[in-house]
Amino acid sequence: MNRCDFDRLNRPRAWAMDVAGFAVTGAVLGVVGPFGSYFNDALPMRVAYWTGLFVVSGIVFGAGVRWIWPRAQARRVSPIVWVPLLVAVADLPLSLVGRSIAVALWPPLEQALGWGEYYAQSLLVGTIYTGLYVAWRSRSGTAPIADAQAETPPDRWGPDLICLQMEDHYVRAHLEQGSRLVLMTLGQAVARTGQEGLQIHRSWWVARRAVTGTVRDGRNLRLRLSNGIEAPVARAAVARLRAAGWLDAEDRLSS
Numbered sequence: 005m006n007r008c009d010f011d012r013l014n015r016p017r018a019w020a021m022d023v024a025g026f027a028v029t030g031a032v033l034g035v036v037g038p039f040g041s042y043f044n045d046a047l048p049m050r051v052a053y054w055t056g057l058f059v060v061s062g063i064v065f066g067a068g069v070r071w072i073w074p075r076a077q078a079r080r081v082s083p084i085v086w087v088p089l090l091v092a093v094a095d096l097p098l099s100l101v102g103r104s105i106a107v108a109l110w111p112p113l114e115q116a117l118g119w120g121e122y123y124a125q126s127l128l129v130g131t132i133y134t135g136l137y138v139a140w141r142s143r144s145g146t147a148p149i150a151d152a153q154a155e156t157p158p159d160r161w162g163p164d165l166i167c168l169q170m171e172d173h174y175v176r177a178h179l180e181q182g183s184r185l186v187l188m189t190l191g192q193a194v195a196r197t198g199q200e201g202l203q204i205h206r207s208w209w210v211a212r213r214a215v216t217g218t219v220r221d222g223r224n225l226r227l228r229l230s231n232g233i234e235a236p237v238a239r240a241a242v243a244r245l246r247a248a249g250w251l252d253a254e255d256r257l258s259s
């Protein structure tokens, strides 16, 4: 997973897909009735309980994964380490709430199912599901780049530089001919540009001369560059581009 993959993971579409997956999984568990819940009540009540539980838990775990994953990857901490830790911590309040709801729906569980046992069951399900989720997202994203592929950072970028793009803890410099991958921060790379340009997104810097047009997709704006790349513009950067004379009032490229 690189920085662009993590950005896509935070988009509404990715969240919608995740929540739908949580709901479907919860409904399936409601039908199956794991941990003896099959005998608790009729099918509709079981499905409602498990679906609600999984959607709420999934949103909590999903937010945790999105916050921890890029930071753990930057420090080369394996998901084998941080996934169980995330689940163990997040499951503490979730188990308290989940068991309280279960006891309210099915009072005999007050004596039959202690909090420790409920927490253990939640840990098992949460660790398996979150682990599978991270594995799936890893396969759908970009594989981490080996250090051996990164080049030595230049003292100065040449005039053929089009844009700089963050990829995990690397910077990819897009040039008139091809690209170069270097191990450095975006701020360090921008300091070596030596030409007019702006950082338009936390992961992108573009050279002014390379911008050929704009692309509007709903509320999202992208800059079309001379090599065909469409670089995303953060909403907070739009005003800065207007002030610098790059865009007019309708967010079209100024002449």
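Here the sequence shown stands for residues 5 to 259, numbered as in our numbering.
Note that the Cβ used here is the ideal one computed from N, Cα and C, for glycine as well.
The beta carbons of Pro83 and Thr131 sit no closer together than 8 angstroms.
Counting only runs of 4 or more residues that sit fully inside the segment 17-105, the alpha helix (DSSP H) segments are 47-78, in chain order.
Residue state for Ser142 is assigned as helix, using DSSP reduced to three classes. Counting other Cβ atoms within 10 Å of its Cβ, Trp119 stays below 16 and is therefore classed as exposed. Contact check between the segment 115-129 and the segment 93-103: three or more CB pairs, one atom from each, fall below 8 angstroms, which counts as touching. In this structure, DSSP gives Glu180 a state outside helix and strand, which the three-state scheme calls coil. A straight-line Cα-Cα distance of about 24 angstroms links Ile166 and Glu254. Residue pairing from DSSP places Trp208 in a beta bridge opposite Gln169 and His205. Non-local beta-carbon contacts of Gly135 in its own chain, meaning distances under 6 angstroms to residues more than five positions away in sequence, involve Val87 in chain order. For Leu128, the closest C-alpha among the options Arg160, Val91 and Leu109 is that of Val91.
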